[in-house]
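Residue numbers (the working numbering), protein chains in the order written: chain A, 5 to 120; chain B, 4 to 198.
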Amino acid sequence: MKEINEAQEHQGEGKIALKLLDYINGNLSRKEQWEIEEMMNTDSAISDAIEGLKQFEYPAEIITIQQQLNKRILSKTLKNKRYKFKPIQFPLWIILVVIALMLIGLAGMGIIQLLK
Amino acid sequence: MTKDYAQLNDKDLLEHYRVSGDNKFIGTLLARYSLMVFGVCMKYLKSTADAQDAAQQVFEKAYIEADKYEIPYFKSWIYTVARNICLMRLRTHRHQIEPIEEMQEMPDLEIISADELKLKEFLKEEENASLHEALTQLNQDQSNCIKLFYFEKKSYQEIQQKTGYTFQQVKSHIQNGKRMLRNILGKKSESHERD
């Protein structure tokens, strides 16, 4: 959970996304509040998210939900790396031998057919 | 101990995920946007349980697909994924249907258009006569909300208290008013170019 919290504190592109809860809870300064609202006028993602979160009468519920979501993200994060498909690579000589054997087989079948 | 990757920006986290396939990178990124995704799902689905399920579906999709495509802006991408998943759920449950095509028409969220930048500058010129003239072309509600928000720097909550509008009404008056102003500005610059 600590790593997830660190990610949430990151001050990069996700800065505004991370301020959503503070905005809903009214914990932002007047200036920060205004900045989020100005962003709502141009950024559909932030605008939709705030509209959705505003449906909660008690913002404390949102914190619980966020913790549950992040817990699930963390549990997936702790799992092993995803399996990356690596194609099996055969040496060229094996491929040539297989082709040659197939050709011999086909030729043999042809000869048998002719002799019948 | 602070993990270095938690300090990485969205683009770098995606790149590390693409190269290593290590879930910690995408997990860090998803945690940044988990509340935003949930909020978007809440807006469309109006049910906490459905929104949580949909958000989970968004995260699963991100784990699988984030390294398959070139994603210049993760926030826009995850928002689009969340919105599409919600619309699909609504369609499946035969609730209110909103056309998917709307998604394609939306501008890239990370790139503010030149018109928007012009409008931003325009709104800063409180004393500008043409701004006041343009504001008279808006309806009273839109003009009031824009003046209170941009000139007096009032928050939505303060505007609600002052005018009696709901949060949603303040938001839509400002957004519609801005759209009108953009059109007025556009027409004005077109006529200037012709002259």
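Ideal placement from N, C-alpha and C gives every residue a C-beta, glycine not left out.
Note that the structure is a prediction, hence the values are computed from the model and not measured.
Residue nearest to residue i in terms of C-alpha spacing, selected from the options
| i | options | result |
| --- | --- | --- |
| B/N12 | B/F152, B/L32 and B/M91 | B/L32 |
| A/I50 | A/S79, A/Q59 and A/I20 | A/I20 |
| B/A34 | B/Y47, B/K46, B/A65 and B/M45 | B/A65 |
| B/K121 | B/Y72, B/G24 and B/L184 | B/L184 |
| A/I77 | B/E63, B/V84, B/I74 and B/I67 | B/E63 |
| A/N45 | B/E193, B/N186 and B/Y153 | B/Y153 |
| A/E41 | B/N186, B/T166, B/K165 and B/C148 | B/C148 |
CA-to-CA distance, residue j to residue i, given in whole angstroms
| i | j | result |
| --- | --- | --- |
| B/T95 | B/I88 | 10 Å |
| B/S79 | B/S146 | 30 Å |
| B/S50 | B/K191 | 45 Å |
| A/G16 | B/Q59 | In this prediction, A/G16 scores a pLDDT of 48, lower than 50, which makes its location untrustworthy; the coordinate-derived value is nonetheless stated afterwards. Near 24 Å, if we compare the C-alpha coordinates of B/Q59 and A/G16. |
| B/K150 | B/Q171 | 17 Å |
| B/L188 | B/D56 | 43 Å |
| A/Y27 | B/Y47 | 20 Å |
| A/T81 | B/D70 | 15 Å |
| B/Y168 | B/K157 | 14 Å |
| A/A64 | B/E193 | 50 Å |
| A/A53 | B/E73 | 24 Å |
| B/L90 | B/M45 | 12 Å |
| A/M43 | B/I67 | 30 Å |
| A/I115 | A/G109 | 10 Å |
| A/L107 | B/R92 | 55 Å |
| B/D53 | B/P75 | 29 Å |
Chain-order list of residues whose beta-carbon lies under 7 Å from that of residue i (same chain, five-residue window excluded)
| i | result |
| --- | --- |
| B/F77 | D13, L17 and L32 |
| B/F28 | Y8, L16, H19 and Y20 |
| B/M106 | Low confidence applies to B/M106: its pLDDT is 44, below 50, so where it sits in the model is not reliable, and the reading given next is rough at best. Closer than 7 Å at Cβ, skipping near neighbours: T83, R86 and N87. |
| A/L57 | L24, I28 and I66 |
| B/I114 | Its pLDDT being 48, under 50, B/I114 is placed unreliably by the model, and the measurement read from it follows with that caveat. None. |
Contact set for residue i: own chain, Cβ-Cβ below 6 Å, skip 5 residues either direction
| i | result |
| --- | --- |
| B/M143 | Looking at the sequence shown, residue 143 of chain B is not Met but Gln. Hits under 6 Å: none found. |
| B/L141 | G180 and M183 |
| B/A132 | none |
ask   = If we count Cβ pairs, one from each stretch, closer than 8 Å, do we get three or more for the region 29 to 48 of chain A versus the region 18 to 37 of chain B?
value = no
task = Say whether the region 33 to 40 of chain B touches the region 63 to 80 of chain A, bearing in mind that this needs 3 or more beta-carbon pairs closer than 8 Å, one atom from each stretch.
result = yes
task = Report yes or no: do the region 165 to 179 of chain B and the region 131 to 139 of chain B share at least 3 C-beta pairs separated by less than 8 Å?
result = no
task = Identify each residue in the region 45 to 57 of chain A for which the Cβ-Cβ distance to at least one residue of chain C is less than 8 Å, and report them in chain order.
result = In the structure shown, chain C does not exist; the protein chains are A and B.
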